[in-house]
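Please read the structure below before turning to the comments.
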Amino acid sequence: MPNQSQCVLETMLRMIHKASEFMAEPLVFGTEVLYASEIHMIDVIGRNPGIHVTEIANKLGITKGAVPKIICKLLQKELIHRYQAKDNKKMVLFTLTPKGHSAFQSHIEFHKKLDQGIIKKFDSLQESELRMFHDIMHEVEKYIDRIGKEK
1 MPNQSQCVLE TMLRMIHKAS EFMAEPLVFG TEVLYASEIH MIDVIGRNPG IHVTEIANKL
61 GITKGAVPKI ICKLLQKELI HRYQAKDNKK MVLFTLTPKG HSAFQSHIEF HKKLDQGIIK
121 KFDSLQESEL RMFHDIMHEV EKYIDRIGKE K
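Each step along the sequence shown adds one to the number in the UniProt record's numbering, with nothing skipped, and position 94 is 94.
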């Protein structure tokens, strides 16, 4: 019979697996069918108009090399606009198009519904319990980052 720590780990791994499967399927945002990587990049650009590739990568926690592939798809779908910075012609910046704004707003609404149920569970905890939960999750995240760098 597994101990409590093993049960918690198994539950966490099931949640990660379910989230991974959920995020692998495209969803409709505004008028567009978009993958999680696409809508999350739209979200970052929507919240940070005039953002450049390095900032996008940092905010999403991905490499700079992964950004152009998604940017290209979003440009083809006419969801973002690319332009050069006035003070640095080498720097390319991004903003949302009207179609991009529609997808962005739809994503905000999607998260309001999704997040509401989870936050309701968090709100049922004492502040000290929630702080401890956050600290544990943060430590697990750091551990996963460390293991990822070792591979």
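Cβ coordinates follow ideal geometry from the N, Cα and C atoms, glycine included.
| Query | Result |
| --- | --- |
| Reference residue 71; option with closest CA among 85, 28 and 51 | 51 |
| The alpha helix (DSSP H) enclosing residue 54, as first and last residue numbers | 53 to 60 |
| Residue 45 and residue 80 closer than 8 Å at C-beta | yes |
| The region 74 to 94 in contact with the region 9 to 26 per 3-pair CB rule at 8 Å | no |
| Secondary structure of residue 79, DSSP reduced to three states | coil |
| CB of residue 130 within 8 Å of CB of residue 42, strictly | no |
| Alpha carbon of residue 108 to alpha carbon of residue 149, nearest angstrom | 32 Å |
| Backbone CA spacing between residue 18 and residue 94 [nearest angstrom] | 32 Å |
| Endpoints, alpha helix (DSSP H) assigned at residue 156 | What the structure shows of the chain is the stretch from 1 to 151, and residue 156 is not part of that stretch, so it cannot be assessed. |
| Alpha-carbon spacing of residue 48 relative to residue 119, whole angstroms | 25 Å |
| Rounded separation between residue 91 and residue 57 - CA only | 15 Å |
| C-alpha gap between residue 27 and residue 77, whole angstroms | 15 Å |
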